[in-house]
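2 protein chains.
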Amino acid sequence: MKNNKLVIVGTMAFDEIITPTAESGKILGGAATYIGLAAAFADADIAAVSVVGEDFLQEHLNLLTDRGIDISGVEQVSGGKSFYWKGKYHDNMNKRDTLDTQLNVLADFNPIVPEKYRDASIVMLGNLDPNVQQKVLDQLAPNPNRTVLLDTMNFWMDLQLNTLLNVIKQVDIITINDEEALQLSGEANLVLAAKAIHKMGPAYVIIKKGEHGALLFYKDQPFFAPALPLEKVVDPTGAGDSFAGGLSGYLAAQQTTNATTIKAGILQGTAAASLCVGTMGTSGLVQSSKEDFFAQLQKLERLRTITL
Amino acid sequence: MKNNKLVIVGTMAFDEIITPTAESGKILGGAATYIGLAAAFADADIAAVSVVGEDFLQEHLNLLTDRGIDISGVEQVSGGKSFYWKGKYHDNMNKRDTLDTQLNVLADFNPIVPEKYRDASIVMLGNLDPNVQQKVLDQLAPNPNRTVLLDTMNFWMDLQLNTLLNVIKQVDIITINDEEALQLSGEANLVLAAKAIHKMGPAYVIIKKGEHGALLFYKDQPFFAPALPLEKVVDPTGAGDSFAGGLSGYLAAQQTTNATTIKAGILQGTAAASLCVGTMGTSGLVQSSKEDFFAQLQKLERLRTITL
């Protein structure tokens, strides 16, 4: 029976982004937004679970519904304001400072997975309070072929480590950046960090290294996917979410999770991230067609191939 | 007619290396040493061109001759002292400070390429004063199928930029690390840096990123080779030289230089570098058999392969 359902939980938000060369003003952002837009390049049946305020416009929701994403699990709170984040990137674009965070409606977010999607094969827990991630897991109907992916960041390690570790136990695939992998594991080396994180639960540990690509560790066998070399990075915001979206969308479409589909999925995630970072905010993903996406995938294959 | 001759010019030296966990004492080092030992994994006819002092022991020279490397171009200066370098690595092993440099016999080095090797197909100009690199080029006999490789570093950009640029003009392949590629080109982005360096002469620009692998740029088409993820890096000294050695040895053995052999050669260089950094100084290369080398190559293939 076909089950290409993908449930995504994450923020839908407004961002204000300052880079060395530009200021975005208040624009659409949020993990679920990037993940959803990136996942929609694949032939998956996608539902977003999130919360927004009254300030979230129909045109923003349309960006998701236009891509066939089910938003019946996106709660809109009357009189509420959407989650807001303001950040500034350093000169090399590899580091950023958070200038402002306003949780707003996110503070009381009680996620509801739509009935139709409770048996989803793929569940993508976007970077979010691990208590919310757990509530999503608690609502799922049994599915022996389910794959659960989790993305997280240092913020939750600092504030909610025990809850986070409990969620990580239930997860098949974790995506985490290199510095955060070291922090979570307490190791100073990525290979040792991956081994330690395996022991926390996930069979597949994916370490994101930004412009330096991504490493998958599975049964101590590493796989590496390079990032596409780009002449210009406009805004790295959402690159990790786009990566998770490309990967989880592909796994849902394949209806099979194993080392081979995950590796191929990492390349899909890499392609999505490359479309994301070339423009400000979500516009790179929004403006890209499936053809644009496949063109990035082809560039990635050439980047990896010895004999042309 | 078979011509698998490889001429290497570079230092042969004594190093003293301090890492966060170890001190080497005075040990064998030098670019030509690392390059020669790494190149010798391939079926190439290798000659080293260098200069050493009276303090250079027969046992050190034997390490090269035992691998079949011709050292008739290695001048030993009676009463002279060998080049000496002392350096200390930072905690993350990615940066190092030079604590002491004594040029000694290197100050008056006048390289002589042995007659038999003047028609070599592959010439590897190791990191060295570009005036010496030029003198080697000046002694070569014509060979329309020759490939010249050059490795260099920021020191020569600071001190001998014009001479270096003149050598770079005559070179087919340049290997250079990421920071130095930015410095040489004046760009802030590696893709743009590679384009600028292409214009200086080399058709093939290889940017070394250490633990993050290596990027080849050829006709604006990039190729990426990942580094092997390692649990322990003992001493990064000579990794770049080992990379250049693995690459140049392979090209000499193949007797064909094109985008495909260069890409494959980059993997050979990566495998050699992975053997180098796991131990202090040259001992990793010295203790490794061809079987050890091929085992690293196989690990690299698994690291790059989706379907196992």
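Sequence lines, in order, name chains A and B. For the first sequence, position 184 (counting from the first letter as 1) is numbered 1213 according to this note's numbering, and the numbering increases by one without interruption. For the second sequence, position 19 (counting from the first letter as 1) is numbered 1048 according to this note's numbering, and the numbering increases by one without interruption. Virtual Cβ for every residue (Gly too), placed ideally from N, Cα, C.
Subject >> Any C-beta of chain B under 7 Å from that of residue 1221/A >> reply: yes
**OP:** May I have the straight-line CA-CA distance separating residue 1059/A from residue 1286/A, to the nearest angstrom?
**Re:** 26 Å
Subject >> Cross-strand partners of residue 1117/B (DSSP beta bridge) >> reply: Residue pairing for residue 1117/B: DSSP places it in a beta bridge opposite 1047/B and 1126/B.
Original post:
Rounded to a whole number of angstroms, what is the C-alpha to C-alpha distance between residue 1330/A and residue 1322/A?
Top reply: Those two C-alpha atoms are separated by around 13 Å.
Original post:
When Cβ atoms are compared, which residues of the segment 1239-1255 of chain B fall closer than 9 Å to chain A?
Top reply: 1240, 1241, 1242, 1244, 1246, 1250, 1251, 1252, 1253, 1254 and 1255
Subject >> Opposing strand residues paired with residue 1152/B [DSSP bridges] >> reply: 1036/B and 1177/B
Subject >> First and last residue of the uninterrupted beta strand (DSSP E) at residue 1233/B >> reply: Residue 1233/B: member of the beta strand (DSSP E) spanning 1233-1237, first to last residue.
Original post:
For residue 1284/B, which of 1039/B, 1197/B and 1172/B has the nearest alpha-carbon?
Top reply: For the residues 1039/B, 1197/B and 1172/B, the minimum Cα distance to residue 1284/B belongs to 1172/B.
**OP:** Below 8 Å between beta carbons is the criterion; list the residues of the segment 1316-1334 of chain A that meet it against any residue of chain B, in chain order.
**Re:** 1331, 1332, 1333 and 1334
Original post:
Under the three-state reduction of DSSP, which class applies to residue 1086/A: helix, strand or coil?
Top reply: coil
Original post:
The beta strand (DSSP E) with residue 1107/A in it runs from where to where?
Top reply: Looking at the DSSP string, residue 1107/A is not in any beta strand (DSSP E), and its letter there is neither H nor E.
**OP:** Kindly provide the ranges of any beta strand (DSSP E) runs that are 3 or more residues long and lie completely inside the segment 1191-1245 of chain A, ordered along the chain.
**Re:** 1202-1206 and 1233-1237
Original post:
Which residues in chain B sit within 7 Å of residue 1293/A, going by Cβ to Cβ distance?
Top reply: 1335
Subject >> Close beta carbons around residue 1290/A, own chain, < 8 Å, minus the five adjacent residues each side >> reply: 1279, 1280 and 1283
Original post:
With a CB to CB cut of under 6 Å and the five nearest residues on each side skipped, what residues in its chain are close to residue 1189/A?
Top reply: Closer than 6 Å at Cβ, skipping near neighbours: 1159.
**OP:** Write down the C-beta distance between residue 1147/A and residue 1168/A rounded to the nearest angstrom, noting that I regard them as a contact closer than 8 Å.
**Re:** 6 Å
**OP:** Determine whether the Cβ of residue 1171/B lies closer than 7 Å to any Cβ atom of chain A.
**Re:** no
**OP:** Give a yes or no on whether the C-beta atoms belonging to residue 1371/B and residue 1309/B are separated by under 7 Å.
**Re:** Here chain B has residues from 1030 to 1337 only, and residue 1371/B is not among them.
Original post:
Mind checking whether residue 1077/B and residue 1061/B have CB atoms under 7 Å apart?
Top reply: yes
Original post:
chain A partners of residue 1280/B, CB-CB under 8 Å?
Top reply: Those within 8 Å of residue 1280/B in chain A number zero; the least Cβ separation is about 14 Å.
**OP:** Pull up the distance between the alpha-carbon of residue 1083/A and that of residue 1111/A, whole angstroms please.
**Re:** 7 Å
Original post:
What are the partner residues of residue 1074/B, as DSSP defines its beta bridges?
Top reply: 1034/B
Original post:
Beta-carbon separation of residue 1332/A and residue 1317/A under 7 Å?
Top reply: no
**OP:** Name the two residues that bound the continuous beta strand (DSSP E) containing residue 1251/B.
**Re:** 1250-1254
Original post:
Would residue 1066/A be called buried (16 or more neighbouring beta carbons within 10 Å of its own) or exposed?
Top reply: Residue 1066/A comes out buried.
**OP:** Taking only beta-carbon positions, decide if residue 1258/B is within less than 7 Å of chain A.
**Re:** Chain A contact via Cβ: present.
Original post:
Straight-line CA distance for residue 1234/A to residue 1219/A?
Top reply: 11 Å
**OP:** Let me know the secondary structure DSSP gives residue 1267/A once reduced to three states.
**Re:** coil
**OP:** Leaving out five residues on either side along the sequence, give the residues of the same chain with a beta carbon under 7 Å from the beta carbon of residue 1138/A.
**Re:** 1080 and 1161
Subject >> residue 1130/A versus 1103/A, 1154/A, 1273/A and 1045/A, residue with shortest Cα-Cα distance >> reply: 1045/A
Original post:
Under 7 Å between C-beta atoms, does residue 1299/A make it to chain B?
Top reply: no
Subject >> Enclosing alpha helix (DSSP H) for residue 1332/B [first to last residue] >> reply: 1319-1333
Original post:
Which value, in whole angstroms, describes the spacing of the CA atoms of residue 1335/A and residue 1103/A?
Top reply: 45 Å
Original post:
Is there a Cβ from chain A that is less than 7 Å from the Cβ of residue 1290/B?
Top reply: no
Original post:
Does the distance from the CB of residue 1177/B to the CB of residue 1152/B come in under 7 Å?
Top reply: yes
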